[in-house]
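In terms of this note's numbering, the sequence shown has 298 at position 33, counting the first letter as 1, and numbering is strictly consecutive. C-beta: ideal position from N, C-alpha, C; glycine also. Since the model is a prediction, treat every value here as computed from it, not as a measurement. Below is one structure, written out as structure tokens; the observations come after it.
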Amino acid sequence: MSIKGTSKDKKNVIETIFRFSPVIGAVIGLLAAALFVMLYNVDPITFIGALCKGALGSAKAIGNSLNRATPYIIVGAATTIAFKCGSMNMGQEGQVFMGGLGVAVVALILPSGTPALIAIPLALIGGMIMGAIFISLPIFLRVKRGVNEVVVTLIMNYMATLIVSALVVGPLGKVGASYPCTENFGEQYSLFNWKSVGHLHVGIFIAIAVAILAIYMFWVNPIGLKARAAGSSPAASLTAGINPTKVFIIGMLVNGAFCGLAGGVELLGRYNNLRGGYADGIGWDSLIVALLSGMNPKGVIPAGIFFGALFTGVSSLQRSIGVPSALLSLIKGIIIVCVVTGTAIEKYHLNRWLTKKKTVK
């Protein structure tokens, strides 16, 4: 009796360890980064304290972390939607930039007296349309020519950044500006924010709504459940009367639209004009957020907030304890690698463990 109880307790402990592998990975990554900065005469305890304080140590820090997390959550949720529909979009970075361009075009065209309640939604819709248009070429090449969307979307990332940079220097550029940018949009385009909480803007609620919508689409809505089936097994879905090509097209278009929305929210939440490089790294970082969530929209919100807090905390280290700027990306990389490794361990070993457990039963 006691032996069986001990064996059962041991199994529960092992299962718990597997489930918390990402958290364990985060702790290991934090400790590894702390040990690494010792080479630069930085006290590891001071380092960890400064990192946590910079990310969550005040209302301003929390607001900055959530603002940073906002585009990660939106693009992360968009990426999981495409994945569930049977595609692997790698063009998030470009679609985010094009979303910002769409917002800028609408903001510059609309009359200056347009009320905020009309101007902001129209601008964000313009960003979504631009993101969806930009992803149309990879869709066409995949459906009509069988070209892998991974390759095309990767190449188009660079196209998008170059297009935006060229436009803010040329046709859309502000004459006499000290840096390449468009004319200012007007105060009515700034997203409402709370100054007492680090200028936290309403974009975080848009991000949460997008993530919840993605969860509803694929875990509650019958059409979404069919789309999941088509994405995971296109051949089998055909026998059930589901068109996997149609599912792929819709998934990619929704992905592009939400990435464009993320670009628009980032632009209106933090800036008052379009500038080159305004969203550098958001698409790539959001891809890691999606991978960290296991390509599951249920995990996108915590993963996005973790990344937002991590990047905000790391960015504060240079001014708080004098960590060299060259080390900041390396510190982020160490922690990210450990967390992603922990996630991979969780997915692989937990699935094996649960399968073995069912077989024994």
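Express the C-alpha separation of residue j and residue i in angstroms, rounding to a whole number.
i: Asn-354; j: Gly-529; result: 19 Å
i: Met-560; j: Gly-441; result: 45 Å
i: Leu-402; j: Ser-352; result: 14 Å
i: Gly-438; j: Leu-526; result: 22 Å
i: Trp-459; j: Val-604; result: 32 Å
i: Leu-365; j: Asn-537; result: Before going further, note that residue 365 is Gly rather than Leu in the sequence given. Approximately 11 Å, taken between the alpha carbons.
i: Gly-391; j: Leu-304; result: 49 Å
i: Ser-551; j: Gly-569; result: 8 Å
i: Leu-321; j: Gln-453; result: 30 Å
i: Val-288; j: Ile-596; result: 17 Å
i: Leu-575; j: Ile-420; result: 29 Å
i: Ser-590; j: Ala-297; result: 18 Å
i: Val-602; j: Gly-378; result: 48 Å
i: Leu-406; j: Pro-309; result: 51 Å
i: Ser-498; j: Cys-317; result: 43 Å
i: Ile-471; j: Asn-486; result: 20 Å
i: Met-517; j: Asn-449; result: 32 Å
i: Ile-610; j: Trp-484; result: 25 Å
i: Ser-502; j: Met-393; result: 29 Å
i: Pro-445; j: Ile-404; result: 32 Å
i: Gly-598; j: Ser-286; result: 18 Å
Contact defined as beta carbons within less than 8 Å: I believe residue i pairs with residue j. What is the distance between those atoms, to the nearest angstrom?
i: Ile-507; j: Ala-495; result: 5 Å
i: Glu-358; j: Gly-548; result: 3 Å
i: Ile-600; j: Ala-291; result: 7 Å
i: Ala-388; j: Val-371; result: 5 Å
i: Met-363; j: Ala-425; result: 5 Å
i: Pro-336; j: Glu-531; result: 5 Å
i: Leu-533; j: Thr-447; result: Their Cβ separation, rounded to whole angstroms, is 13 Å, which puts Leu-533 and Thr-447 out of contact at 8 Å.
Measure from the alpha carbon of residue i to the alpha carbon of each residue in the options, then state which is nearest.
i: Phe-523; options: Trp-484, Ile-473 and Ser-590; result: Ile-473
i: Met-395; options: Leu-575, Asn-329, Val-519 and Ser-352; result: Val-519
i: Met-482; options: Leu-296, Gln-583, Leu-321 and Ile-346; result: Ile-346
i: Ser-461; options: Gly-294, Ala-326 and Ile-385; result: Ala-326
i: Phe-572; options: Ser-585, Gly-587 and Leu-556; result: Leu-556
i: Ile-515; options: Ser-498, Arg-493 and Leu-533; result: Arg-493
i: Ile-566; options: Val-340, Leu-382 and Arg-535; result: Val-340
i: Val-512; options: Lys-349, Thr-311, Val-302 and Ser-286; result: Lys-349
i: Ala-299; options: Val-288, Ile-313, Leu-375 and Pro-287; result: Ile-313
i: Thr-606; options: Phe-450, Ala-591, Ser-558 and Leu-539; result: Ser-558
i: Gly-356; options: Leu-373, Tyr-423, Ile-293 and Val-408; result: Tyr-423
i: Pro-376; options: Gly-451, Cys-446 and Ile-400; result: Gly-451
i: Gly-463; options: Leu-592, Phe-301 and Asn-332; result: Asn-332
i: Asp-545; options: Gly-378, Val-416, Met-393 and Leu-427; result: Leu-427
i: Gly-637; options: His-466, Val-416, Thr-608 and Cys-317; result: Given a span of 266 to 626 for the chain in the structure shown, any question on residue 637 remains unanswerable.
i: Val-467; options: Ser-502, Arg-535 and Lys-491; result: Arg-535
Is residue i near residue j, with beta carbons less than 9 Å apart?
i: Ala-397; j: Gly-521; result: yes
i: Ala-342; j: Pro-562; result: yes
i: Ile-469; j: Ile-338; result: yes
i: Ile-385; j: Leu-478; result: no
i: Gly-541; j: Val-433; result: yes
i: Thr-577; j: Ser-323; result: no
i: Gly-319; j: Ser-581; result: yes
i: Val-408; j: Gly-587; result: no
i: Leu-592; j: Val-416; result: no
Under the criterion of a Cβ to heavy atom distance below 8 Å, does residue i qualify as lining the ligand COA?
i: Phe-571; result: With respect to small molecules bound, the structure shown includes none, and the ligand COA cannot be examined in it.
Label residue i either buried or exposed according to how many other C-beta atoms from any shown protein chain fall within 10 Å of its C-beta, with 16 as the threshold for buried.
i: Thr-344; result: buried
i: Val-429; result: buried
i: Thr-418; result: buried
i: Ser-594; result: exposed
i: Gly-411; result: exposed
i: Pro-509; result: buried
i: Met-266; result: Reliability fails at Met-266, whose pLDDT of 45 lies under 50, so the model's placement of it is uncertain and no value is given.
i: Thr-311; result: exposed
i: Arg-584; result: exposed
i: Ile-383; result: exposed
i: Tyr-543; result: buried
i: Val-475; result: buried
i: Gly-328; result: buried
i: Val-579; result: buried
i: Phe-399; result: buried
i: Leu-465; result: buried
i: Ile-627; result: The structure shown does not extend to residue 627, since the chain is modelled only from 266 through 626, so no value can be given for it.
i: Ser-443; result: exposed
i: Pro-436; result: exposed
Any beta carbon from chain B within less than 9 Å of residue i's own beta carbon?
i: Asn-458; result: This model lacks chain B altogether, as it is built from one protein chain only.
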